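Worksheet: one structure, shown below.
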Amino acid sequence: LVHTARPIASLEDLITVSSDIDVRVRQRRAERDRQRGRTTAPTTATKPAVPLHTTPFTPPTRDPNAMDIDATCTREEFNRLMRGKCYGCGSTAHVKKDGGHDRDICGYCRRVGHRETVCMDKFLKKPRSQKLAATEEGPEEPQVAASTSTSADAGATNALIAQLMEQQKALADQLASLQKSF
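According to the UniProt record's numbering, the stretch in the sequence shown is residues 1 to 182, in order.
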């Protein structure tokens, strides 16, 4: 450090300069060893190298709140993989518009028009689609023609709304009395 002309104004500068000098010293030592015909392995006369860190390496635990990002699974990568193939089934013999996949239902995302083997959501590692039983379409029931709204229907609706409003008011009064007791 005494013989260097580099300015050392702070601790960071000192660390940088000493690190550069250390690298250069090691490079020069390796050059001399090669010129003498030695390999890079040190002799037994030198003191054994002491590891800087004696604690074993433990990988960091996975943060459950961290985003799970996989840069290899992108739409461009999916399109590159599917180039020249049918987007409905993955065949190279035809394209999707000629394949007749109108009724195919994907087992992964539950959408119509392709199979699970070529599902982009599966490739992008998106979570599986889950349909609730209430949202699934069952067998179609015959539709009855809707009757026109009559004044009796409107009157019944208005009466129901008035009854519900009275119940709401009663509940609000009950809630207010309970709040007073606390």
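For every residue, glycine included, the Cβ atom is placed at its ideal position computed from N, Cα and C. Keep in mind that this is a model prediction, so the values were computed, not measured.
Report task. Take residue 184 and list the residues in its own chain whose beta-carbon comes closer than 6 Å to its own, dropping the five residues that flank it on each side. Result -> Outside the shown range of the chain, which is 1 to 182, sits residue 184, and nothing can be said about it.
Query raised in the report: With burial defined as no fewer than 16 other Cβ atoms inside 10 Å of the residue's Cβ, what is the status of G88: buried or exposed?
Result: buried
**Report entry** Anticipated Cβ contact below 8 Å, C86 with G107, distance rounded
**Finding:** No, C86 and G107 are not in contact; Cβ-Cβ is about 17 Å, not under 8 Å.
Requested in this report: Go ahead and label A145 buried or exposed: buried means 16 or more other beta carbons lie within 10 angstroms of its beta carbon, across all protein chains shown.
Outcome: Bear in mind that the predicted position of A145 carries a pLDDT of just 47, short of 50, making it unreliable; the figure below should be weighed with that in mind. A145 is exposed by the Cβ-count criterion.
**Report entry** Sequence-distant residues of its chain with Cβ nearer than 8 Å to G84 (five each side left out)
**Finding:** T92
Requested in this report: Specify, as a first and last residue, the run of the alpha helix (DSSP H) that G99 falls within.
Outcome: 96-99
Query raised in the report: I think V17 touches R24, with their Cβ atoms under 8 Å apart; what is that distance to the nearest whole Å?
Result: Distance from V17 to R24 at the Cβ level is roughly 11 Å; contact not present, criterion being Cβ atoms closer than 8 Å.
Query raised in the report: For the candidate residues R103, M82, I105, whose alpha-carbon lies nearest to that of H94?
Result: M82
Query raised in the report: Under 8 Å, do D104 and H114 count as touching if we go by C-beta distance?
Result: yes
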